[in-house]
Structure formats: structure tokens, C-alpha cells
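In the UniProt record's numbering, the protein residues as written are 192 to 562.
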Ligand code: SF4
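1. Using DSSP with H/G/I as helix, E/B as strand and the rest coil, what is residue 202?
2. Since residue 371 contacts residue 327 with CB under 8 Å, what's their CB separation in whole angstroms?
3. Could you tell me which residues DSSP pairs with residue 365 in its beta bridges?
4. Give a yes or no on whether the C-beta atoms belonging to residue 227 and residue 401 are separated by under 9 Å.
5. Figure out for me which residue from 548, 529, 515, 557 has the closest Cα to the Cα of residue 231.
6. Run the CB neighbour count on residue 332, radius 10 Å, all protein chains shown included, and call it buried at 16 or more, exposed below.
7. Could you check what DSSP says for residue 469 in three-state terms: helix, strand or coil?
8. Taking the straight line between their C-alpha atoms, what separation do you get for residue 480 and residue 256?
9. Check the C-beta distance from residue 426 over to residue 469 and give it rounded, since I have them as a contact under 8 Å.
10. Please classify residue 455 as buried or exposed, where buried requires at least 16 neighbouring CB atoms within 10 angstroms.
11. Am I right that residue 321 and residue 297 are in contact with their C-beta atoms under 8 Å? What's the rounded C-beta distance?
12. Measuring only from the beta carbon, is residue 167 closer than 8 Å to any heavy atom that is part of the ligand SF4?
13. Flag this pair as yes or no: are the beta carbons of residue 490 and residue 281 separated by less than 9 Å?
14. Express the C-alpha separation of residue 545 and residue 530 in angstroms, rounding to a whole number.
15. Is DSSP giving residue 425 helix, strand or coil here?
16. Give the secondary structure of residue 267 by DSSP, where H, G and I count as helix, E and B as strand, and everything else as coil.
17. So is residue 442 buried or exposed if we call it buried at 16+ other beta carbons inside 10 Å?
18. Can you list, in chain order, the residues of its chain whose CB lies under 8 Å from that of residue 220, leaving out five sequence neighbours each side?
19. Taking residue 349 and residue 373 to be in contact with their CB atoms under 8 Å, please state how far apart those CB atoms are, rounded to whole angstroms.
20. Which stretch, first to last residue, makes up the beta strand (DSSP E) that contains residue 457?
21. Closer than 8 Å is the cut-off here; do at least three beta carbon pairs connect the region 515 to 525 with the region 228 to 248?
22. Going by beta carbon distance, what residues of the same chain come within less than 7 Å of residue 236, once the five residues before and after it are set aside?
23. Which stretch, first to last residue, makes up the alpha helix (DSSP H) that contains residue 519?
24. Tell me which residue opens and which closes the beta strand (DSSP E) that residue 350 is part of.
25. What is the rounded straight-line gap between the Cα of residue 379 and the Cα of residue 249?
26. Please state the DSSP three-state secondary structure of residue 305.
27. When the Cα atoms are used, what is the spatial distance from residue 265 to residue 543?
28. By Cβ distance, which residues of its chain are closer than 6 Å to residue 488, with the 5 residues on each side in sequence left out?
29. Roughly how many whole angstroms lie between the Cα atoms of residue 364 and residue 535?
30. In angstroms with no decimal places, state the Cα-to-Cα distance between residue 272 and residue 406.
31. I'd like to check one pair, residue 474 with residue 213: are the Cβ atoms closer than 9 Å?
32. Which one of 448, 367, 386, 323 has the shortest CA to CA distance from residue 355?
33. Cβ of residue 499 within 9 Å of Cβ of residue 416?
34. What does the Cβ neighbour count give for residue 537, buried or exposed, with the cut at 16 atoms within 10 Å?
35. Leaving out five residues on either side along the sequence, give the residues of the same chain with a beta carbon under 6 Å from the beta carbon of residue 398.
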């Protein structure tokens, strides 16, 4: 069953998923696959005395293995898939001139806000599922196809975010009537589980994720900060994959902590107008400007949390200015060290499109519209 922690003011009810995940881990007939979101790796060390913002991914992988997770993958891989689909959708809309600006869809708190406050703009939100949902759908489809393994597959996501718990229940994210992701654990919850298992994260060796979906690009990891999705899309759209071109994208104004960032990017014979917003108050302000005609954009990235998911509601607190800065830099450092920078250069992404995803892109990667 699920335990609930009820907020004393009654404003929020957060579902705790620790018990059902422990149960699944203890069951030999269940294959438990876990995906780790980008922002988790620079925050999970906080409660173990690891310096703020330091990448603890390899240690987290080692801990999860010892706790009994069967396969450990990276949500950054899901983010690579999101970039492939969202860039394609964006270019189609630019070509047709319809439903612009395209709003990003990977933050469920933003999607809900838009549906409630600006239902007339719902169509402008990308039809792409979020990285956790895309990845969950792929993992479940693979499990459905694999007749040799008789175990039941459970997909668990470790997320910086409580809104992700609601996202997995949305009907448009179900495939063949099945949830793509079964349980979401916040960073705070996984910290609790690691402690319950008696593991000291600092003592863990550095272990690699499993293959094939442990391989992802630097574009996937920067999803954890405001501007990251946009930067990842631009890396995909710019034909030149050289370092100079990638560095130029850095300096287009989409990086940094400002709540509203704007940029104009030349693309063919067009100028693409881009806005990057973090914080729902800023999103509201920007939408007012769009509606009044004061501003006009082609692409708008929205994250409900100021500065993006690294400061999400499922992350360990306190998150003071120094912690925020450390996580911010931590994620860009991981990108700097990544061998693959662009989502379309991830060889596993290419293989998946040629294999499992062939003819199923809509079914597995976009909102289910046959509701
Ligand atoms: Fe969740 Fe905040 Fe990230 Fe949105 S910005 S997905 S609410 S952590």
C-alpha cells in the first residue's frame, strides 16, 4: 500500500512510495528498473556530508545496486529522446506557423498551471511526454516484448520533484492502459532509503550505470537547470557539431539564473525568438505579454521552480544561495566532462529509433490522444 504524509495545513498531500518500492525489491519475481533524473546527482550527497553540488552519481549507483535494484539507468537518456522529438515538433510548427510559441512539456507543475489558468494555450504545449515518461514507456514496451523474462517489470524514477508523482498518473501518459512509471521517489526519499539500508554514501565505490540506457549526452544532464532544455534543442538544431558552435550556444543568453531570459537565434533564413522562464510568477508575467501582443516568441521553455529542477521540491533542504550555485555549476561541469554533447550523437538513441521505436514514436513518446 501507499502511505501518505499529510501536510498540517491540508494544502498538500505527498504520497510516499518508500514501502511499495522496498516490497518490489524484496520480491524475486519482480524486476525493478530505476532511472535517475539529472538534478538528483548533484543533491543526493547533501545529507551525507558530501560537498554541495558534487556529482555523486557513481556512488548512488553503487548504493542502489546494493539495495537490490536490478537495472540502473539514466533519465538523461529519456531527455535525449525528448530532444529528438521536441526538436522535430518545433521545426514542424515553425514550418507551418501553427501553435507557436511551442511551450515545453517536461515540467508537470507548469503543464497543470497552464491547463488551469490558460486552457486556451494548452495546444501550444509540446505533445512530447517528459523524459521520465518517455523512458518509462520504452522500458515497459521492451518488457512487454521480452517473452523470455517471466518477471514483472516495475519502473521506479528518482526525481527532484513531487509533481512528478502526479505526472505518472495522468491518463495521456499511459501505454496500453499501463503506467509508464510505477513509482516516483524524491531525492529526499531515496536518501531516507539509503539510510534505512544502513549505507553510508561516502563509503560507496564509484560504479557505472547499466547499459544500454546508462549512456546519455551532456545535453540530457543540463535538463536539470533552467535553460538546459533550450540549449539541448539548439545543439540538436545547429548542424555544426564542433566545439566552437557548441560554445557559441552557451553565450546566447539562455544560461544563467535570471527568471526570464530571451534570445534570438538565426536559423536558415529565419530568426527564432526564444524565451526561457523559471518560476510560475515569471511564466505568468511572460504569458500576459504574449497575450497582449507585447512579446512574441517561437519557443518558450518553462520550469515551475526558480532556477529549474535542481531546486525542486523533492530535493534536500536547505537550499541557500551557495547550494543553488554549487548545484548549478555541478550540472554544467558534468556536461563539460561528457564525451557526447548532443542528443542525436548518442548511438543508443539511434539504435532505438531503428529498432524498438520504429513506427512507435507516437505511441511511446507523445501524449496518448485516443482517450
Ligand atoms: Fe518538478 Fe520543479 Fe523540475 Fe518542474 S521545475 S519538473 S516542478 S522540479
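Positions of the beta carbon are idealized from the N, C-alpha and C atoms, including for glycine.
Remember, it's a predicted structure, so these values are computed and weren't measured experimentally.
Let's see:
1. Taking the first residue of the chain shown as position 1, residue 202 is located at position 11. Any reading at residue 202 needs caution, since the residue's pLDDT is 47, under 50, leaving its predicted position unreliable; the model's value is listed next. The answer is coil: DSSP assigns residue 202 none of H, G, I, E or B.
2. Against the chain shown, residue 371 aligns to sequence position 180. Against the chain shown, residue 327 aligns to sequence position 136. Correct: roughly 3 Å between the Cβ atoms.
3. Here residue 365 is taken as the residue at index 174 of the chain shown, counted from 1. Answer by DSSP bridge pairing, in chain order: 370.
4. Mapped onto the chain shown, residue 227 falls at position 36. Mapped onto the chain shown, residue 401 falls at position 210. For residue 227 and residue 401, no; Cβs fall outside 9 Å.
5. By one-based count along the chain shown, residue 231 stands at place 40. Cα-wise, what sits closest to residue 231 is 515.
6. Against the chain shown, residue 332 aligns to sequence position 141. Buried, because 16 or more other Cβ atoms sit within 10 Å of the Cβ of residue 332.
7. Taking the first residue of the chain shown as 1, we reach residue 469 at position 278. In this structure, residue 469 counts as strand in the three-state DSSP scheme.
8. Here residue 480 is taken as the residue at index 289 of the chain shown, counted from 1. Here residue 256 is taken as the residue at index 65 of the chain shown, counted from 1. Their Cα atoms are separated by approximately 49 Å.
9. Reading the chain shown from its first residue, position 235 is the one you call residue 426. Reading the chain shown from its first residue, position 278 is the one you call residue 469. Their Cβ separation, rounded to whole angstroms, is 20 Å, which puts residue 426 and residue 469 out of contact at 8 Å.
10. In the chain shown, the residue the question calls residue 455 occupies position 264. Its Cβ having fewer than 16 others within 10 Å, residue 455 is exposed.
11. Residue 321 sits at position 130 when you count from the first residue of the chain shown. Residue 297 sits at position 106 when you count from the first residue of the chain shown. That pair is a contact at about 4 Å.
12. The question about residue 167 has no answer here: the residues shown for the chain are numbered 192 through 562.
13. Counted from its first residue, the chain shown places residue 490 at position 299. Counted from its first residue, the chain shown places residue 281 at position 90. Yes. Within cutoff.
14. As a position in the chain shown, residue 530 is number 339, starting the count at 1. As a position in the chain shown, residue 545 is number 354, starting the count at 1. When rounded, the distance between both Cα atoms is 23 Å.
15. As a first step, residue 425 must be located in the chain shown, where it is residue number 234. Looking at residue 425 - three-state DSSP - the assignment turns out to be helix.
16. The residue given as residue 267 occupies position 76 in the chain shown. Residue 267: helix per DSSP, three-state reduction.
17. Against the chain shown, residue 442 aligns to sequence position 251. Answer is exposed; the Cβ neighbour count stays below 16.
18. For the purposes of this step, residue 220 is identified with residue 29 of the chain shown, where counting begins at 1. Hits under 8 Å: 341, 342, 343.
19. Indexing the chain shown from 1 puts residue 349 at position 158. Indexing the chain shown from 1 puts residue 373 at position 182. With a Cβ gap of about 13 Å, residue 349 and residue 373 do not count as contacting.
20. Here residue 457 refers to the residue found at position 266 of the chain shown. Looking at the DSSP string, the run of the beta strand (DSSP E) that includes residue 457 is 451 to 458.
21. yes
22. Working through the chain shown from its first residue, we reach residue 236 at position 45. Once the five neighbours on either side are set aside, the close Cβ partners of residue 236 are 245, 247, 392.
23. Here residue 519 corresponds to residue number 328 of the chain shown, with the count starting at 1. Here the alpha helix (DSSP H) through residue 519 covers 512 to 528.
24. Along the chain shown, read from residue 1 onward, the residue named residue 350 stands at position 159. It spans 343 to 350 - the beta strand (DSSP E) in which residue 350 sits, taken as one unbroken run.
25. The sequence position of residue 379 within the chain shown is 188, counting from 1. The sequence position of residue 249 within the chain shown is 58, counting from 1. The alpha-carbon atoms of residue 379 and residue 249 are separated by roughly 18 Å.
26. Residue 305 sits at position 114 when you count from the first residue of the chain shown. In this structure, residue 305 counts as helix in the three-state DSSP scheme.
27. Mapped onto the chain shown, residue 265 falls at position 74. Mapped onto the chain shown, residue 543 falls at position 352. Between residue 265 and residue 543, the C-alpha separation is close to 15 Å.
28. Numbered from its first residue, the chain shown carries residue 488 at position 297. Cβ within range, chain order: 292, 464, 466.
29. Position 173 of the chain shown, counting from 1, holds the residue named residue 364. Position 344 of the chain shown, counting from 1, holds the residue named residue 535. Near 24 Å, if we compare the C-alpha coordinates of residue 535 and residue 364.
30. To locate residue 272, count along the chain shown from 1; it is residue 81. To locate residue 406, count along the chain shown from 1; it is residue 215. The straight-line gap from Cα to Cα measures roughly 12 Å.
31. By one-based count along the chain shown, residue 213 stands at place 22. By one-based count along the chain shown, residue 474 stands at place 283. No, the pair does not count as a contact, with Cβ atoms beyond the cut-off.
32. One-based indexing of the chain shown puts residue 355 at position 164. Nearest of 448, 367, 386, 323 to residue 355, Cα basis: 323.
33. If you number the chain shown from 1, residue 499 lands on position 308. If you number the chain shown from 1, residue 416 lands on position 225. Yes, the pair counts as a contact, with Cβ atoms nearer than the cut-off.
34. On the chain shown, residue 537 is found 346 positions in, with the first residue counted as 1. Counting Cβ neighbours within 10 Å, residue 537 comes out buried, since at least 16 surround it.
35. Here residue 398 corresponds to residue number 207 of the chain shown, with the count starting at 1. The residues are 249, 252, 253.
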